[in-house]
Every structure is written in structure tokens, then in C-alpha cells.
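Enquirer:
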Amino acid sequence: MLKSGKPSPQRLKIWLLISGGIIFIIAGSIWVGFQLGQQGGQKTITTNTTSSTNTSSNPSTDDFSLNTSPKATQSQDDSARLAAIADVPYYNGQYSEAVSRYRFVLQSYPNGTGAGSARYGLAQAEFRLGKYKEAIDDYLKFQLEFPSDPRRYLAYFGIGEAQANLGQWEQAIASYQQYLAEGKENAKVIEGYVNYAIAEAYIKGGKQVEALDSYKKAADLKESSSNLLQAQALEKNGDYYAAQGKAEEAVAFYKRILDFAKVQSYRADVAFKIATAYDKAKMVEQANAAYRVVIDQYFGTSAAGNALQILIDRDDSGMDDYFKGYNAYRKGDSTNTLVILDKFLKRPAPTQPVPAISAEVLAAEQLRFARAWYWEAVSYERLNNSDRAISEYKQLAARFPTNEAGEDAQWQLATLLRQQNKADEAITEFAKLSGSPRYGVEAQFNSFSLILQKDGADGALESATKLFNSNSSSGREALFRVAEAYSAQAPDKARPLYQKLAAAKFDDYYSIRAAEILAGVNPLAPVKATPETHPAVFNPQKFAADFERERKELETWLSGWATKTTPNMATPSSPSLEAALKAVREDSGIKRMIELTRLSKTEQANREAMEAQARFSGKPLELYCLALLFNDNRQYSQSILAAKEVFALYQKQSLATGLRSTPTLLQKLIYPLDFQDIILEFSKQYDFDPLLLAGLIKQESAFDPTATSGAEARGLSQVIPATGRSIATTLGISDFSPEDLYQPYTAIRFGAYFLNRQLDNFNGNPYAALAGYNGGPGNVGDWLKANPPEKDFDLFVDGITYGETRQYVRIVYTNYAVYRELYKSK
50 MLKSGKPSPQ
60 RLKIWLLISG
70 GIIFIIAGSI
80 WVGFQLGQQG
90 GQKTITTNTT
100 SSTNTSSNPS
110 TDDFSLNTSP
120 KATQSQDDSA
130 RLAAIADVPY
140 YNGQYSEAVS
150 RYRFVLQSYP
160 NGTGAGSARY
170 GLAQAEFRLG
180 KYKEAIDDYL
190 KFQLEFPSDP
200 RRYLAYFGIG
210 EAQANLGQWE
220 QAIASYQQYL
230 AEGKENAKVI
240 EGYVNYAIAE
250 AYIKGGKQVE
260 ALDSYKKAAD
270 LKESSSNLLQ
280 AQALEKNGDY
290 YAAQGKAEEA
300 VAFYKRILDF
310 AKVQSYRADV
320 AFKIATAYDK
330 AKMVEQANAA
340 YRVVIDQYFG
350 TSAAGNALQI
360 LIDRDDSGMD
370 DYFKGYNAYR
380 KGDSTNTLVI
390 LDKFLKRPAP
400 TQPVPAISAE
410 VLAAEQLRFA
420 RAWYWEAVSY
430 ERLNNSDRAI
440 SEYKQLAARF
450 PTNEAGEDAQ
460 WQLATLLRQQ
470 NKADEAITEF
480 AKLSGSPRYG
490 VEAQFNSFSL
500 ILQKDGADGA
510 LESATKLFNS
520 NSSSGREALF
530 RVAEAYSAQA
540 PDKARPLYQK
550 LAAAKFDDYY
560 SIRAAEILAG
570 VNPLAPVKAT
580 PETHPAVFNP
590 QKFAADFERE
600 RKELETWLSG
610 WATKTTPNMA
620 TPSSPSLEAA
630 LKAVREDSGI
640 KRMIELTRLS
650 KTEQANREAM
660 EAQARFSGKP
670 LELYCLALLF
680 NDNRQYSQSI
690 LAAKEVFALY
700 QKQSLATGLR
710 STPTLLQKLI
720 YPLDFQDIIL
730 EFSKQYDFDP
740 LLLAGLIKQE
750 SAFDPTATSG
760 AEARGLSQVI
770 PATGRSIATT
780 LGISDFSPED
790 LYQPYTAIRF
800 GAYFLNRQLD
810 NFNGNPYAAL
820 AGYNGGPGNV
830 GDWLKANPPE
840 KDFDLFVDGI
850 TYGETRQYVR
860 IVYTNYAVYR
870 ELYKSK
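Using this note's numbering, read the sequence shown as starting at 50 and increasing by one per residue.
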């Protein structure tokens with residue numbers, strides 16, 4: 050019996066056929082895969098599992114009476130269902146609870162059909178609790194008691210991980226090797242990962258030579274390693290040889306990374322390592338040349354800045370006044386920037402204009418020239434010499450209108466004029482950027498805002514309409530602002546604009562607010578979801594029943610456009626759903642993701658999902674398959690991204706179509722109800738709408754339990770460790786660790802508690818509560834006092850002085866509204 054996966058109703062089970070045979074999703078412990086069926090002549094993807102058990106809600110105490118001895122009188126083998134239910138706390142991060150439940154199954158049904166799943170689950174949960182010896186013991190018992198279970202080979206990997214955590218390096222290596230031997234083709238798909246784990250064990254065990262060999266194997270096994278893993282393995286070898294002063298050997302490994310790495314900042318870091326490897330080997334000439342490569346090819350990155358400083362300190366002959374001036378500029382030394390760059394630009398005197406540059410000069414040299422001039426203009430602005438800055442920006446933008454630095458100068462010029470309240474001049478300068486791919490939409494919106502401020506709604510309507518027709522979120526905001534301006538004095542002019550916004554059915558704040566204004570809806574009194582109004586939210590069986598109908602609707606819709614090759618599509622899609630399915634199931638990265646999911650290697654599986662989506666980018670049918678597969682493998686955030694790209698590709702063919710007018714299942718993939726059981730538990734405990742919490746989680750983490758922000762906010766609800774400790778103390782949790790915030794149950798529990806506290810602080814106002822959740826409750830009182838939301842809700846939101854919090858409230862407001870509309874009983 051294979052254990053059932055984490056039973057979120059949003060996990061859309063599908064069959065994946067790999068190499069002609071069924072591949073088991075054992076970490077999720079159901080038989081999973083893609084299977085093609087026929088529906089009215091249309092190719093479809095069907096959904097099947099080996100279990101029909103509903104495990105979405107927590108079992109009652111009758112299911113789990115955690116006695117010390119099994120019930121001798123039980124006549125029915127209920128072990129498979131109970132083992133599946135015991136998986137719920139495991140996947141939610143409640144490992145102690147999972148251990149208790151697995152043990153109950155083993156005590157009550159030692160020979161039951163679910164005993165194997167319970168024993169395997171027990172070993173996994175013990176490992177998560179850091180009970181490595183117990184985990185090893187239960188993995189061994191599992192192998193002994195259930196020799197024909199298809200997960201037997203997976204237990205070797207679990208044993209190896211536990212042994213590695215105990216410092217038993219030789220034993221761990223042997224277990225990893227046994228996993229490869231026993232797992233055969235299934236294990237071979239991640240052979241690179243296993244060799245990397247073996248290399249790490251060799252390193253810890255003091256066997257450097259063997260480790261380097263295993264790292265090299267991991268890098269060489271391209272069909273069983275992600276690009277990231279290959280790069281990490283190559284770096285390990287390169288770093289070792291660099292530390293030994295063996296530059297040529299190190300550089301050979303680093304250059305292999307540059308053959309496939311795509312992220313510019315990472316490539317810059319690797320190129321910098323090449324230079325430092327030469328440095329450590331005392332090969333100064335080669336090192337300096339390599340540093341210059343970093344500066345030339347990766348200009349503007351942190352690595353390039355470090356390389357620049359090194360060469361300037363060495364008085365390298367290749368560091369001309371351009372680089373020296375930039376170094377002063379990036380350090381904020383405006384005075385020296387001007388002195389140095391005047392020489393580079395050959396300015397006759399500080400007060401004289403920059404001389405002309407020949408049209409025959411290479412484009413690269415023109416860019417250097419324009420950049421240097423731009424840095425000078427910014428330096429004048431930093432020195433509060435605005436008039437001189439404006440003059441330099443104007444001259445630079447006029448001379449190099451299509452140059453990157455020229456566009457930057459044009460933007461800075463318009464922005465500075467706006468700051469000086471020179472509206473007419475700013476409007477003129479912003480207009481010059483209207484065709485810029487980088488600045489166009491933002492420049493048009495800035496111009497519109499100034500026109501609205503200066504000439505009112507009548508004067509700004511044309512500009513707003515033009516922006517709206519560009520299908521940008523800025524355009525929808527512009528039209529909303531004009532309608533808002535008309536509302537007080539000319540409501541007859543406002544109404545058609547609100548109607549246009551509402552009809553577009555975009556999933557954004559302004560489209561939704563327009564519809565609410567037309568309907569006379571009070572935004573402060575949203576209709577709370579109930580089992581009667583939103584049955585799928587509270588009843589997983591209803592959710593599953595809806596899925597089959599919604600899937601057919603979505604696939605019919607896809608067939609109407611996704612199989613066509615259009616000029617707008619980056620890469621043609623496969624000609625049919627069947628062909629798309631074949632491409633996905635044969636993808637080596639997808640095979641790796643599935644095996645890593647079986648092994649609960651979530652981070653590595655996530656990386657494989659990311660790389661797979663990149664490979665299938667631009668192909669809507671394949672992306673649809675990926676969205677379902679990712680969801681099934683608990684890669685919820687990647688599922689959202691894949692579904693969003695399907696919609697983005699559709700929008701290229703139908704610009705005016707909003708997401709809320711597309712098939713329901715596509716919307717549900719983008720607005721999922723993952724972790725539904727936990728959300729329901731705590732929304733019920735605190736008596737608020739579960740869909741409000743779902744909307745918050747979608748914005749905070751996109752349902753990625755491993756999400757971490759720059760401010761160290763962690764997990765699904767993005768709680769910072771200090772706040773987490775405070776909440777833990779209040780809730781009486783004595784053994785809290787910040788790492789617990791990565792566990793879904795703890796993350797949602799803490800997020801729900803903090804949200805409820807904000808609701809209490811602000812008399813149940815959900816949007817004031819959201820502002821407090823993001824921006825801190827101490828600021829919300831001032832915002833409420835300045836612009837009472839009961840008088841003008843939109844003015845309250847606009848008056849939130851923290852830009853991030855203002856946007857946060859708008860986004861979660863939108864999420865909440867979409868969830869209420871999407872999951873409402875039709």
C-alpha cells in the first residue's frame with residue numbers, strides 16, 4: 050500500500066507514465082501520473098488515484114485513540130485509511146503528531162494493509178524530529194517487514210541521510226550507494242544528486258580526493274543533475290584547486306560553469322573566482338586580465354565593483370579615467386567623480402559643455418561616453434546643483450536619445466522637473482519616453498498624473514484612455530483615477546469609465562473596485578464565505594467533483610488557441626495535448642523532480658520545477674500539464690507560475706481579456722486553496738473568513754512554505770523570527786525555533802493569530818488589519834484618523850504613507866475578492 054500524499058483538495062492527482070511504465074509518487078504515496086482519455090473527441094487529462102479516502106480534515110478522537118496497546122477487538126482493517134490520515138500532520142510539519150498517529154496504526158493493525166505506510170512514515174517523521182537513530186531503526190524494520198514494498202530502495206537513502214547527520218560518514222556513503230544499486234532506473238535519474246551527497250560525506254569524513262571525484266561525477270552526470278547542482282559541484286572542485294594555488298585546474302572547472310550559467314550576477318561571481326584563482330597562484334598578469342573581463346562583461350554587478358577596486362588599488366594600466374570615475378561615483382564621492390570624468394569626457398573646463406563625439410565612434414565607446422556623462426549629471430544632482438543637473442540631463446538626452454544612458458538621463462530630467470513642481474515641462478519630458486520599452490508605461494502614467502492634477506478629469510481623459518488601451522495595470526489605475534475625479538461633480542461621466550473597468554474582469558484592484566462601486570458594495574463589509582455560499586471551500590468532496598467538469602472546460606478552451614502557432618508566441622506549442630504530455634513525461638528534469646519529491650528533498654525538487662518551467666516556457670499545453678503536476682507534487686508556487694504563464698500567453702492573443710473571464714480551473718490554479726485544512730482550522734478558531742487568510746498567504750508567499758524575505762520573514766505567512774518568538778510565548782509554545790516557521794502548520798497558525806490580533810485592534814476592519822499586518826499596527830491609527838475608510842475607502846488606501854503597505858493592502862484586497870467570487874457556488 051502506498052501512502053497518500055498531503056491531502057489538500059487542490060492537489061489535482063494525475064497519472065504520469067514514464068518510459069512506458071507507471072512511476073509511483075511515493076513521497077506523496079499515491080500512484081501518480083498523466084493518463085490521456087477521450088472526451089467528446091477531445092484529448093483530455095484524467096485524474097486517478099488508488100485511494101478514494103477523504104483525508105482533508107483532521108480525524109476525530111475516535112479515529113486516533115492513542116492508547117498504549119492496540120484494540121484487540123477491531124475486526125475491520127482500517128489501517129490504510131488511518132495511515133493516509135496520519136500523513137496529514139507529517140506534510141503539515143506536525144512531526145510529533147505524525148509519529149503518534151503512525152505508531153497508533155502500527156499498534157492497532159500490525160499486519161494491516163496500511164502498516165507498511167505507517168512504518169515508512171514513522172521513519173520519515175522521526176528523521177524530521179532529529180531522532181536519527183530511531184529513524185534508522187524504523188527504516189530497517191520497514192525493509193525487513195515489507196520486503197516487496199516498492200519504497201524499499203528509498204529507505205536506503207533515508208538511512209544514509211540519518212547516518213550522515215550522526216557523523217557516520219562511511220555508513221552513509223554505503224547506504225547512498227545501496228540506494229543507487231537497489232533503485233536502478235528510478236534512482237539513476239538523480240545519480241548526480243546522490244554523488245553530490247556522497248561527496249559531502251567524504252568531505253566530512255576527511256577524504257578530499259574521493260570527495261573531488263564524486264563532485265566531478267555529479268557535475269558530469271547532466272541527465273541526473275539540475276544546472277544548479279552541476280554548478281555547485283564544479284565550484285567545489287574549482288574552489289579546492291584555487292585554494293591549492295593550482296589556477297589552471299581551478300579555472301577549467303569555473304569555465305565549465307560559464308558554459309551554461311545564465312544569471313548575470315552569478316556568472317559575474319564565477320568570473321571573479323577565475324581572477325582570484327590566478328591571484329592566489331601569484332599569476333598577476335592573468336589575474337588582472339581576468340578582473341578586466343569581469344568589469345567589461347558584467348559591468349554594474351557587485352563582482353565588477355570589487356574587481357574595479359582591486360585594479361585601481363594596483364594602479365592597473367587598463368583602469369582609465371572612465372573606470373576611476375565610476376568607482377568614485379558608485380561610492381557616492383560626487384566631487385571626485387566630476388574631477389575625474391571631466392578628464393575622460395575631455396571637457397575644456399568644469400563650466401564648459403561636453404565636446405561632441407564622432408558618429409564613427411563604436412557603439413560600445415559611445416555607451417561609455419554617455420554613461421560617464423550621466424554619472425556627472427547625477428553627481429551634480431547629488432550636490433544639490435539642480436540647475437546644472439537639468440542642463441546636463443537635457444544635453445545628454447538630446448545627443449543620445451536612443452542610448453541606454455540617454456534614456457536614463459531623460460527619465461531623471463522629467464522626474465527632477467516634477468519634483469520641482471514644473472508640471473508643464475515635466476509632462477513634455479515624460480512624453481519623450483512614451484515609446485521606451487524600459488520607461489514607456491511609467492512615463493505615460495507620470496504624465497497622466499500631472500495632467501490630471503493640472504487640468505482635471507476632462508483634460509486627463511484622453512491620456513488615461515490611451516494608457517488603458519495598452520492593457521497595463523497603470524492604465525487601469527489611470528482610468529479609475531479619472532472616474533474617481535468625475536464621481537463627485539459629474540457621476541454620469543464616471544459611470545461609463547467604471548463600467549469599462551469592470552467589464553475587463555482583470556484580477557486587479559481597480560477592476561474589482563469599479564465593479565463594487567457600480568454595485569454599491571460596501572468594501573468594509575465583505576460577505577464572508579460559508580459552507581452554503583462557498584461549499585468547495587469547506588467540503589473537499591465538492592471541490593473534487595467540480596474539478597472534473599472544470600478540467601474539461603479548460604482543456605476545450607486551450608484547444609481553441611494553444612495548438613496554433615502565432616507570431617506572438619515565443620515558441621510554438623506542441624500540436625496536441627497528447628504531444629505536450631509526452632514532452633513533459635519524457636523530460637529528465639521532471640523525472641528528477643518526482644524522485645526528489647519521493648525522498649522529501651523539497652528544495653532540490655523546487656529547483657527542478659523551476660528549471661523545467663524555464664525549458665517549457667512559451668508552450669501553453671506543456672505549461673498546463675506542469676501546473677497540474679507541480680501542484681500534485683506540492684510545488685504550489687511553481688504551479689501558480691506555470692498557470693500564470695499560460696494566461697500570459699493567451700493575453701498576447703487577446704489583450705483585453707482579464708483572468709476573471711477565463712475558465713474556472715485556470716483561475717483556481719492561479720488562486721489555489723493549498724493547505725486548505727490548516728486554513729480552515731485556524732479561520733474557524735478565530736472566526737474570520739478562511740478566504741481572507743488564503744488571500745494573505747497568496748501575497749505573502751505564493752503558497753511556498755520555504756519562502757524567505759530580505760527582512761528574514763519566513764514561511765507561508767512571512768512571520769519574522771522576533772514576532773514568531775512573541776507569538777510562541779503567547780500561545781504557550783516553549784520549544785519554538787525560527788525554523789518552525791517553515792512548517793506549514795506553524796506558519797499558518799502564527800499568521801492567523803497575528804491577523805486576528807490586528808482584526809481585534811481595528812474592530813474587525815479587514816483592510817486596516819492587513820495594513821497592520823504588513824506595516825505595523827502603530828501606524829494604522831494615524832491612517833484611519835487622516836482618512837476614515839467609512840467615508841472614502843479608496844482615499845484611506847491612498848493615504849497609507851508606506852508605499853509597500855499601500856500596495857500590499859490593494860493586492861490582498863484583490864486576492865480576497867477574487868477568492869470570494871471564484872469559489873462561490875455557481
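Ideal Cβ positions, reconstructed from N, Cα and C, are used throughout, including at glycine.
Taking just the CA atoms, how far does residue 595 sit from residue 731?
Expert: About 25 Å.
Enquirer: Is the beta carbon of residue 808 less than 8 Å from the beta carbon of residue 737?
Expert: Yes, the Cβ-Cβ distance between residue 808 and residue 737 is below 8 Å.
Enquirer: Between which two residues does the alpha helix (DSSP H) carrying residue 233 extend?
Expert: Counting along the chain, the alpha helix (DSSP H) containing residue 233 begins and ends at 218-237.
Enquirer: DSSP state of residue 757, grouped into three classes?
Expert: Three-state result, residue 757: strand.
Enquirer: When the Cα atoms are used, what is the spatial distance from residue 389 to residue 442?
Expert: So the two alpha carbons sit approximately 19 Å from each other.
Enquirer: Rounded to whole angstroms, what's the CA-CA distance from residue 236 to residue 263? Just pull it up for me.
Expert: If you take the alpha carbons of residue 236 and residue 263, they lie about 16 Å apart.
Enquirer: How is the alpha helix (DSSP H) around residue 376 delimited, first residue to last?
Expert: Its alpha helix (DSSP H) spans residues 370-379.
Enquirer: How many whole angstroms separate the CB atoms of residue 162 and residue 129, which I take to be in contact at a CB cut-off of 8 Å?
Expert: 5 Å between Cβ atoms; contact.
Enquirer: Residue 636: which of 647, 625 and 657 sits nearest, CA to CA?
Expert: Comparing Cα-Cα distances from residue 636 to each of 647, 625 and 657, the minimum goes to 657.
Enquirer: Could you tell me the distance, in whole angstroms, from the CA atom of residue 848 to the CA atom of residue 462?
Expert: So the alpha carbons of these two residues sit roughly 27 Å apart.
Enquirer: Between which two residues does the alpha helix (DSSP H) carrying residue 584 extend?
Expert: Segment 584-587, the alpha helix (DSSP H) holding residue 584.
Enquirer: Return the CA-CA distance between residue 181 and residue 173, expressed in angstroms with no decimal places.
Expert: So the alpha carbons of these two residues sit roughly 10 Å apart.
Enquirer: How should residue 366 be labelled, buried or exposed, when 16 other C-beta atoms within 10 angstroms of its C-beta is the threshold for buried?
Expert: Residue 366 should be labelled exposed.
Enquirer: Quick check on residue 333: buried or exposed, where buried means 16 or more other Cβ atoms within 10 Å of its Cβ?
Expert: Exposed, since its Cβ has fewer than 16 Cβ neighbours within 10 Å.
Enquirer: For residue 767 versus residue 783, is the C-beta spacing smaller than 8 Å?
Expert: Contact flag unset, no.
Enquirer: Among 234, 243 and 556, which one has its Cα closest to the Cα of residue 226?
Expert: Cα-wise, what sits closest to residue 226 is 243.
Enquirer: The alpha helix (DSSP H) with residue 169 in it runs from where to where?
Expert: Where residue 169 is concerned, the enclosing alpha helix (DSSP H) stretches over 164-177.
Enquirer: Which class does residue 861 belong to by DSSP, given the choice of helix, strand or coil?
Expert: If DSSP states are grouped into helix, strand and coil, residue 861 belongs with the helices.
Enquirer: How about residue 755 and residue 791: do their beta carbons lie closer than 8 Å?
Expert: For residue 755 and residue 791, yes; Cβs fall inside 8 Å.
Enquirer: So, with DSSP's three-state summary, where would you put residue 106?
Expert: Its pLDDT being 38, under 50, residue 106 is placed unreliably by the model, and nothing is read from it.
Enquirer: If you follow the alpha helix (DSSP H) that residue 145 is part of, which residue opens it and which one closes it?
Expert: 144-157 is the extent of the alpha helix (DSSP H) around residue 145.
Enquirer: Are the CB atoms of residue 838 and residue 814 nearer to each other than 8 Å?
Expert: Yes, the pair counts as a contact, with Cβ atoms nearer than the cut-off.
Enquirer: Mark residue 400 as exposed unless 16 or more other C-beta atoms lie within 10 angstroms of its C-beta, in which case mark it buried.
Expert: With fewer than 16 other Cβ atoms within 10 Å, it is exposed.
Enquirer: Taking only the alpha-carbon atoms, compute the straight-line gap between residue 666 and residue 655 and give it to the nearest angstrom.
Expert: Rounded to whole angstroms, residue 666 to residue 655 spans 16 Å at the Cα level.
Enquirer: Return yes when the Cβ of residue 179 is within less than 8 Å of the Cβ of residue 135, no when it is not.
Expert: No; because the gap between Cβ atoms is not below 8 Å, this pair is not in contact.
Enquirer: If distances are taken between C-alpha atoms only, which option among 261, 447, 865 and 866 comes closest to residue 422?
Expert: Closest option to residue 422, Cα to Cα, is 447.
Enquirer: Report yes if the C-beta distance between residue 250 and residue 213 is below 8 Å; otherwise report no.
Expert: Yes, Cβ-Cβ distance for residue 250 and residue 213 is below 8 Å.
Enquirer: For the region 640-651 against the region 693-709, do three or more pairs of beta-carbon atoms, one drawn from each stretch, fall closer than 8 Å, so that the two count as touching?
Expert: At 8 Å Cβ cutoff, the stretches do not touch.
Enquirer: CA-CA distance, residue 853 and residue 370?
Expert: Spanning the two alpha carbons is a distance of roughly 39 Å.
Enquirer: Looking at C-alpha atoms only, which residue of 460, 503, 456 and 376 is the closest neighbour of residue 473?
Expert: Selected option, being the one with the closest Cα: 503.
Enquirer: What did DSSP end up calling residue 137 once you bin it into helix, strand or coil?
Expert: Helix at residue 137.
Enquirer: Where does the unbroken alpha helix (DSSP H) through residue 683 begin, and where does it stop?
Expert: Element bounds for residue 683: n/a, residue is neither H nor E.
Enquirer: For the putative contact between residue 458 and residue 426, defined by C-beta atoms under 8 Å, what is the C-beta separation to the nearest angstrom?
Expert: Residue 458 to residue 426, Cβ: 6 Å. Contact.
Enquirer: Below 6 Å CB to CB, which residues in the same chain sit around residue 512 once its five sequence neighbours on both sides are set aside?
Expert: 497 and 500, listed in sequence order.
Enquirer: Which residues in the same chain as residue 867 place their Cβ atom closer than 6 Å to its Cβ, once the five residues preceding and following it in sequence are excluded?
Expert: For residue 867, where only same-chain residues beyond five positions count, the Cβ hits under 6 Å are 556 and 720.
Enquirer: Label residue 122 either buried or exposed according to how many other C-beta atoms from any shown protein chain fall within 10 Å of its C-beta, with 16 as the threshold for buried.
Expert: Summary for residue 122: the model assigns pLDDT 38, below 50, so the residue's position carries little reliability; its value from the coordinates is reported in the next sentence. Exposed, by the Cβ-count rule.
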